[in-house]
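Undergrad:
4 protein chains.
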Amino acid sequence: MARKRRKKLPIFEAAMTVFSEKGFEKATVDEIAERAGIAKGTIYYNYGSKKNLFLSLLEEGIERLETAAKKEIARRNNIRTKLEALITVQLQFFEDHKNYCKVLLSEVWGRDTPWEEKAERIRSGYLSMIRDLIEVGKAEGLIKKRLDAGTTASALFGMISIAALDRFLFEKEYSYEDILNTLRSFFFTGVEDKRRT
Amino acid sequence: MARKRRKKLPIFEAAMTVFSEKGFEKATVDEIAERAGIAKGTIYYNYGSKKNLFLSLLEEGIERLETAAKKEIARRNNIRTKLEALITVQLQFFEDHKNYCKVLLSEVWGRDTPWEEKAERIRSGYLSMIRDLIEVGKAEGLIKKRLDAGTTASALFGMISIAALDRFLFEKEYSYEDILNTLRSFFFTGVEDKRRT
Amino acid sequence: MARKRRKKLPIFEAAMTVFSEKGFEKATVDEIAERAGIAKGTIYYNYGSKKNLFLSLLEEGIERLETAAKKEIARRNNIRTKLEALITVQLQFFEDHKNYCKVLLSEVWGRDTPWEEKAERIRSGYLSMIRDLIEVGKAEGLIKKRLDAGTTASALFGMISIAALDRFLFEKEYSYEDILNTLRSFFFTGVEDKRRT
Amino acid sequence: MARKRRKKLPIFEAAMTVFSEKGFEKATVDEIAERAGIAKGTIYYNYGSKKNLFLSLLEEGIERLETAAKKEIARRNNIRTKLEALITVQLQFFEDHKNYCKVLLSEVWGRDTPWEEKAERIRSGYLSMIRDLIEVGKAEGLIKKRLDAGTTASALFGMISIAALDRFLFEKEYSYEDILNTLRSFFFTGVEDKRRT
DNA sequence: CATGAATGAGTATTCATTCAT
DNA sequence: TATGAATGAATACTCATTCAT
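Residue numbers (the working numbering), protein chains in the order written: chain W, 1 to 197; chain U, 198 to 394; chain R, 395 to 591; chain L, 592 to 788.
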């Protein structure tokens with residue numbers, strides 16, 4: 001396995017870069033091969049097709065994100081800190097893997113066609129994990145009963161993702177701490193200042 | 198002008214459908230022409246290029262959204278109802294124009310290259326409008342001072358967009374009212390149930 | 395007729411310019427129409443097709459050249475001055491109508507196909523006139539008997555044409571007198587300096 | 592390299608044929624591929640573009656002509672026989688490569704645009720070689736001092752080219768020897784018969 | 001295991017021509 | 001007579017994929 005992966009890593013990283021810069025359709029196997037410093041045939045030898053290479057990337061990424069999230073969640077023992085951990089992990093992951101996140105948003109949330117099944121599994125898999133947390137939160141009384149759990153889950157995901165992408169991609173300077181604090185505060189208590197008279 | 202636009206409308210609608218189904222790259226001018234029931238050359242006669250057709254769509258759409266939002270915002274006289282109106286208008290717009298919203302999310306928030314300038318204008322234009330509202334809210338004491346306005350603006354936009362897309366595209370059944378109420382409540386007071394002891 | 399020609403002149407001149415700049419294939423009817431300041435349909439109304447417009451140009455031009463040459467030739471009464479006149483007229487014509495000459499050389503001497511018949515008529519028509527002069531010259535003893543009349547005729551035509559084109563198109567500065575004298579001297583007595591010992 | 596060129600030769604020859612028959616614009620890559628018996632993609636794999644394929648042809652051809660001319664010129668030791676050799680070589684080359692010569696004349700001497708630089712280099716390169724010979728001839732007293740060297744060079748080139756093309760392309764029967772003798776005699780001593788009383 | 005030359009289906013774009021007004 | 005919107009056939013070029021070495 002270690003041997004088999006010898007060429008896989010450079011391909012993987014080159015592919016991530018190119019896919020995130022160009023999107024799936026505009027990215028070319030030639031460019032990926034060139035950036036990986038290997039021959040085009042080698043990509044086909046290892047991954048079989050462009051689509052399959054892309055899907056491997058997608059899967060690998062979401063697995064890492066889910067694994068990281070689940071691990072941190074498991075380490076907390078109440079629902080509030082679990083949700084805090086989720087926000088932290090996802091924001092951190094987005095900052096660490098800007099390219100992947102761009103790909104995730106634009107190719108999974110957006111198109112219908114070529115990887116319906118895989119995309120669907122990714123999307124609903126990750127969102128389900130969040131929704132389950134929300135449900136537990138509602139059951140335990142932390143979270144308002146009248147909030148629709150599904151909507152809340154996707155709203156949370158969207159809020160983190162778009163905010164992160166917008167900061168990480170389009171703002172030259174940003175304070176990671178500010179973003180994290182804003183998102184946490186936003187999520188738990190909303191924007192309204194209750195102290196006012 | 199009315200005469201000149203005779204063929205523009207069917208092109209416009211066919212293009213929106215195809216672009217949203219396939220994404221910019223995968224969409225073909227042939228298919229757009231066929232669905233519009235006109236000859237391919239006519240698209241080029243009217244729009245010059247596939248890219249330009251796409252850009253026209255993008256611009257037209259964001260203009261409609263901004264116009265609708267600004268109009269409703271102007272009709273309210275305090276910042277809270279203005280923000281409520283914003284959420285309502287955007288959610289309504291997303292429900293009315295599912296296709297457009299898919300395109301907006303995946304082609305504007307996502308890729309870097311081909312329409313940088315236009316995309317940037319769209320993105321920052323709409324987000325600026327939101328951020329300005331947030332700033333006013335902070336100044337008037339409605340919104341917590343410690344929230345970063347830019348992050349809050351993109352978080353709000355992301356929360357509405359992703360939640361809407363997720364419901365409208367992937368759930369067969371959904372209650373528009375539930376989504377609207379959840380998002381409003383989420384935005385203003387967060388998820389936490391303060392009544393608990 | 396005068397009325398019919400009202401729009402023909404601007405078309406004619408625009409067409410000459412565009413055809414000479416781009417060549418027949420690369421020239422577009424759109425550009426000709428635009429430069430002529432008229433609608434594209436008008437060209438078709440007047441000339442029927444791009445090819446026909448081009449052929450009209452070709453014919454009109456060669457007619458003018460032949461007419462001018464024949465007129466000057468008729469005014470001389472010996473074969474030597476007739477040939478001198480031919481050289482002068484053709485050189486002058488090339489200087490006056492650089493664009494036309496470019497078209498003539500590259501579209502008539504060069505391609506086989508689309509106007510075979512017309513091109514052939516133009517080519518052999520003009521060359522025949524020259525050859526006839528050469529034959530007369532041979533009969534009268536002015537021109538060496540052993541020269542092949544056909545070859546001499548095309549050599550004369552080629553010598554003037556290419557020299558003229560090269561000077562008029564590619565040299566920023568040139569002396570018309572020098573060219574004319576060089577060509578005349580070259581034609582009649584060759585390059586060799588007989589005075590040398 | 593030998594392996595890399597495996598497909599280059601058939602492409603080269605097919606391209607020469609098609610370009611000379613149709614001219615650059617009218618020639619299609621499809622037809623070249625078909626005549627070469629290879630796939631269209633292979634042409635792009637090897638040459639990058641239609642224009643580049645064409646330019647390669649142009650360059651290769653003029654190199655062969657120049658090489659042949661220089662070799663023969665170098666073998667003679669006086670300027671008269673050098674010039675005789677030049678005429679012979681160019682006439683022979685035109686007879687051997689009718690197609691190439693058609694292309695050369697109509698695409699290099701004719702249009703302004705797409706290969707300005709390359710065309711200019713070809714044109715002025717070959718003509719310079721001739722002009723240098725003429726200059727030497729003038730310096731040595733063989734050639735009349737009053738002839739403009741540049742004009743004489745292009746006149747010589749044009750005389751050979753057009754005469755050759757006209758014979759080789761449009762006359763079914765021709766005597767190569769007659770053409771050669773006529774051109775030589777014409778060039779050195781002109782058409783005038785000095786023996787006459 | 002790795003390569004890269006060769007392929008050909010697929011696509012954006014151009015432009016001469018037509019025709020209703 | 002003149003127009004210009006509409007057309008669709010034609011064409012350069014791209015790129016995922018294959019396969020002989």
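The C-beta atom is built at its ideal place from N, Cα and C for all residues, glycine as well.
Write down the C-beta distance between G781(L) and F551(R) rounded to the nearest angstrom, noting that I regard them as a contact closer than 8 Å.
TA: Their Cβ separation, rounded to whole angstroms, is 16 Å, which puts G781(L) and F551(R) out of contact at 8 Å.
Undergrad: If you measure from the beta carbon of S522(R) to each beta carbon in chain L, is any gap under 9 Å?
TA: No, no contact with chain L.
Undergrad: Run the CB neighbour count on K539(R), radius 10 Å, all protein chains shown included, and call it buried at 16 or more, exposed below.
TA: Answer is exposed; the Cβ neighbour count stays below 16.
Undergrad: Beta-carbon of R320(U) versus every beta-carbon of chain W: anything under 9 Å?
TA: By this cut-off, R320(U) is an interface position.
Undergrad: If we count the other Cβ atoms within 10 Å of its Cβ and call it buried at 16 or more, is T788(L) buried or exposed?
TA: Caution applies to T788(L), whose pLDDT of 48 falls short of 50 and renders its modelled position unreliable; the value that the coordinates give is listed next. Burial call: exposed.
Undergrad: Starting from I734(L), follow its DSSP beta bridges and name the residues at the other end.
TA: Bridge partners of I734(L): E586(R).
Undergrad: Residue ranges of each beta strand (DSSP E) run of no fewer than 3 residues wholly in the stretch 273 to 306 of chain U, ordered along the chain?
TA: Runs found: none.
Undergrad: Kindly indicate if chain W contains any beta-carbon less than 9 Å away from that of W306(U).
TA: By this cut-off, W306(U) is an interface position.
Undergrad: Is D587(R) close to chain L? Criterion is C-beta to C-beta, closer than 9 Å.
TA: Closer than 9 Å: yes.
Undergrad: Taking the alpha carbon of L57(W) as the point to measure from, which residue in V136(W), I179(W), L169(W) and H97(W) has its own alpha carbon closest?
TA: Nearest C-alpha to L57(W): H97(W).
Undergrad: Pull up the distance between the alpha-carbon of R200(U) and that of M523(R), whole angstroms please.
TA: With a pLDDT of only 46 at R200(U), under 50, the local geometry of the prediction cannot be trusted, and the value read off the model is given with reservation. Those two C-alpha atoms are separated by around 57 Å.
Undergrad: Look up G245(U) in the DSSP assignment and say whether it is helix, strand or coil.
TA: Reduced to three states, the DSSP call for G245(U) is coil.
Undergrad: Between which two residues does the alpha helix (DSSP H) carrying L156(W) extend?
TA: Its alpha helix (DSSP H) spans residues A149 to L165.
Undergrad: In this structure, does DSSP put T225(U) in helix, strand or coil?
TA: T225(U) falls in the coil class under three-state DSSP.
Undergrad: How would you list, in chain order, the residues of chain L whose beta-carbon sits under 8 Å from the beta-carbon of F582(R)?
TA: Going along chain L in sequence order, the residues near F582(R) (Cβ under 8 Å) are G781, V782 and E783.
Undergrad: If you measure between the beta carbons of L738(L) and S579(R), is that distance less than 9 Å?
TA: A contact, by the Cβ cut-off of 9 Å.
Undergrad: Could you tell me which of E332(U), L262(U), R232(U) and S358(U) sits nearest to S303(U), measuring between CA atoms?
TA: Of E332(U), L262(U), R232(U) and S358(U), the residue nearest in Cα terms is S358(U).
Undergrad: Taking only beta-carbon positions, decide if D723(L) is within less than 9 Å of chain R.
TA: No - not a single Cβ of chain R is within 9 Å of the one on D723(L).
Undergrad: Where does I629(L) sit, in a helix, a strand or coil, going by DSSP?
TA: Reduced to three states, the DSSP call for I629(L) is coil.
Undergrad: Between I11(W) and N52(W), how many whole angstroms is the CB-CB distance? I'm expecting something under 8 Å.
TA: 12 Å between Cβ atoms; not a contact.
Undergrad: Short of 7 Å in beta carbon distance, which residues of its chain neighbour V226(U), apart from the five on each side in sequence? Order them along the chain.
TA: K237, I240 and K247, listed in sequence order.
Undergrad: Is it buried or exposed for A665(L), if we count other Cβ within 10 angstroms and need 16 for buried?
TA: Label assigned to A665(L): exposed.
Undergrad: Does the beta carbon of K763(L) come closer than 9 Å to any beta carbon on chain R?
TA: Closer than 9 Å: no.
Undergrad: Using C-beta distances below 7 Å, list every residue in its chain close to K673(L), excluding the 5 sequence neighbours before and after it, in chain order.
TA: Here the set comprises I664, R667 and L724.
Undergrad: Where A660(L) and Q681(L) are concerned, what is the direct C-alpha to C-alpha distance, given to the nearest angstrom?
TA: Roughly 7 Å separates the two Cα atoms.
Undergrad: Within 9 Å of any Cβ in chain L, is that where the Cβ of T475(R) sits?
TA: Cβ-Cβ to chain L under 9 Å: no for T475(R).
Undergrad: Classify S579(R) as helix, strand or coil using the three-state DSSP reduction.
TA: Residue state, collapsed to three classes: helix.
Undergrad: Cβ of I653(L) within 9 Å of Cβ of Y717(L)?
TA: Yes, the Cβ-Cβ distance between I653(L) and Y717(L) is below 9 Å.
Undergrad: Mind checking if G234(U) is an interface residue toward chain W, Cβ cutoff 9 Å exclusive?
TA: Answer no: the Cβ-Cβ gap between G234(U) and chain W never drops below 9 Å.
Undergrad: Could you tell me whether the Cβ of T88(W) comes closer than 9 Å to any Cβ of chain U?
TA: With 9 Å as the cut-off, T88(W) does not count as an interface residue toward chain U.
Undergrad: When Cβ atoms are compared, which residues of the stretch 527 to 541 of chain R fall closer than 8 Å to chain L?
TA: Those would be I528, G531, G535, L536, I537, K538, K539, R540 and L541, in chain order.
Undergrad: Taking the alpha carbon of Q486(R) as the point to measure from, which residue in A558(R), E454(R) and E565(R) has its own alpha carbon closest?
TA: It is A558(R).
Undergrad: Using the beta-carbon of each residue, which ones in chain R are nearer than 7 Å to M750(L)?
TA: Ordered by position in chain R, the residues that pass the 7 Å Cβ test against M750(L) are A549, G552 and M553.
Undergrad: Run through chain W and tell me which residues come within less than 7 Å of K223(U), C-beta to C-beta.
TA: Neighbours of K223(U) on chain W, chain order: E25.
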